[in-house]
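Input: a single structure, listed below in structure tokens.
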Amino acid sequence: MAMGSLPLTPTDFFVLSRIEGPISVTELLNGSGMPVAEAEAVLTRLIALGVARLVAAPTPTPVATSER
1113 MAMGSLPLTP TDFFVLSRIE GPISVTELLN GSGMPVAEAE AVLTRLIALG
1163 VARLVAAPTP TPVATSER
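The sequence shown begins at 1113 in our numbering and counts up by one.
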């Protein structure tokens, strides 16, 4: 489905424009400049429409330490 045919609001497009590559949900919500509850509702809507998706954060790789 083309984005132009989706029922996106200007607010939806605004939040979507904040997603440039991998970003945490917290970073997105806090960086939107909107009330967190409103930004969360918009993100939920974008996910439901298939425009955005959540992926699990990568598991950090342990850093090898040298023993002396």
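Even for Gly, the Cβ is constructed at its ideal location relative to N, Cα and C.
Review point. Mind checking VAL1137: buried by the 16 CB within 10 Å criterion, or exposed?
Key: exposed
Point to revise | Classification of LEU1166 by the beta-carbon crowding that lies within 10 angstroms, buried from 16 upward | key: exposed
Exercise for review: Throw me the rounded Cβ distance for the LEU1141 and ALA1153 pair, which I believe falls under 8 Å.
Suggested key: That belief does not hold up - the Cβ atoms of LEU1141 and ALA1153 are roughly 10 Å apart, past 8 Å.
Practice item. Please report the Cβ distance between LEU1128 and ALA1164, rounded to the nearest whole angstrom; I am assuming they are in contact, meaning their Cβ atoms lie under 8 Å. Key: 7 Å
Check your understanding: Can you give the Cα-Cα distance for ARG1157 and GLU1132, rounded to whole angstroms?
Key -> 18 Å
Check your understanding: With a CB to CB cut of under 8 Å and the five nearest residues on each side skipped, what residues in its chain are close to LEU1118?
Key -> LEU1161 and VAL1163
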